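Asks: Sending over a structure as structure tokens; questions will come in a sec.
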């Protein structure tokens, strides 16, 4: 029997979460049709034991132990290299797959698409639901060739966030043959967007994308593996990284760059920057206020009303008052989340 789908999880020291993730996947993964590969970047925790216990129950779980951690870009690419399936679903080692998701993925693979994208929810670190996280403003499935400028721009104009540009690993199911036809884009290796750069490089000729608005997984929030380097560094990854992608593949001043800026403004609001300002105050040896100011100017440096308000609040709003308002928001967030809104993060 030919393996149709490889579910690949690049991980490093995710033993505390990986068991729950695998337990959400394995009951759906029919041996011979679906394989599950944990690509372990030389973890020093109990990741190997977590995988071994599942492999004893399910024969289609494979643990690939690397000699050293290569970083997310390298280890993600290594994950696809290990896949025997026609398609590879890249999946984070702490997210939770919804029941029935594998069957829905398999049912979606008949259209000859190169990339299949799905929706997901956002949860807290303990997997309590916070909010839905739509990729597009409109509902319903979409199919397009990302190489076609008109189709691509229409898709991005309907978009809400950078997931329109393949930013979220767990939301991507990729045809392995297509992926392997394009070498890694070395200039983006180490940026955390190596996979995005490779897909956009493919889109210079053809990249058939199918977006389904079905919910296939729940994303674990508050567990960012880069946060040990600080909040400002995490903003740098997104803002500098995605603007560089836009400039590389479409040029400054392009329609696509304008949409990328809009996505980043949606993802990094004044609330985000106030939280980062607080982090700078709390840990100035780790966090850079100068860099944070630069990101605010990059995204909100115009003369529009939102730009002026954001600049004024960011530079003048008292941090003690922000902290008080945030404390109230945290208290009411579960109530608000049940009604479909996203509160202060």
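In UniProt numbering, the protein residues as written are 1 to 345. Heads up, the beta-carbon is just placed ideally off N, CA and C, and yes, glycines get one too. None of the values given here were measured: they were computed from a predicted structure.
Within this structure, are the beta carbons of residue 172 and residue 97 separated by less than 8 Å?
Replies: Locating residue 172 in the chain shown gives position 172, where the first residue counts as 1. Locating residue 97 in the chain shown gives position 97, where the first residue counts as 1. Cβ distance not < 8 Å, so residue 172 and residue 97 don't count as in contact.
Asks: From the DSSP output, which residues share a beta bridge with residue 159?
Replies: As a first step, residue 159 is located in the chain shown; it is residue number 159 there, counting from the start. 136, per the DSSP bridge assignment.
Asks: Is there contact between the region 1 to 13 and the region 99 to 108, where contact requires at least three CB pairs shorter than 8 Å?
Replies: yes
Asks: Indicate, with yes or no, if the ligand ATP has a heavy atom lying under 7 Å from the CB of residue 203.
Replies: By its list of ligands, the structure shown contains no ligand whatsoever, and the ligand ATP lies outside what it can speak to.
Asks: Would you please state the rounded distance, in angstroms, between the beta carbons of residue 111 and residue 143? I believe it to be under 8 Å.
Replies: Walking along the chain shown from the start, residue 111 turns up at place 111. Walking along the chain shown from the start, residue 143 turns up at place 143. 7 Å between Cβ atoms; contact.
Asks: Of all the beta strand (DSSP E) runs that stay within the bounds of the region 158 to 189, which reach a length of 3 or more residues?
Replies: 172 to 175
Asks: For residue 256, does the count of other Cβ atoms within 10 angstroms reach 16, so buried, or fall short, so exposed?
Replies: Stepping through the chain shown from its first residue, residue 256 is reached at position 256. Classification of residue 256: buried, given that the 10 Å Cβ count is 16 or more.
Asks: Less than 8 Å separating the beta-carbons of residue 64 and residue 82?
Replies: As a working note, residue 64 is residue 64 in the chain shown. As a working note, residue 82 is residue 82 in the chain shown. Yes. Within cutoff.
Asks: With a threshold of 8 Å on Cβ separation, who are the neighbours of residue 254 within its own chain once the five nearest residues in sequence on each side are excluded?
Replies: Residue numbering aside, residue 254 sits at position 254 when the chain shown is read from its first letter. The residues are 246.
Asks: Tell me the start and end of each unbroken beta strand (DSSP E) in the region 28 to 83 that is at least 3 residues and wholly inside, in chain order.
Replies: List check, beta strand (DSSP E) in window: 34 to 40 and 61 to 65.
Asks: Distance check for residue 327 and residue 196, CA to CA, integer angstroms please.
Replies: To locate residue 196, count along the chain shown from 1; it is residue 196. To locate residue 327, count along the chain shown from 1; it is residue 327. About 36 Å.
Asks: Drop a sphere of 10 angstroms on the beta-carbon of residue 203, count the other beta-carbons inside from all chains shown, and report buried for 16 or more, exposed for fewer.
Replies: Counting from 1 along the chain shown, the entry for residue 203 is found at position 203. Burial call: buried.
Asks: Would you say the region 227 to 243 touches the region 282 to 300, given that touching needs at least three Cβ pairs under 8 Å?
Replies: yes
Asks: What is the DSSP secondary structure of residue 10, reduced to helix, strand or coil?
Replies: Numbered from its first residue, the chain shown carries residue 10 at position 10. Strand.
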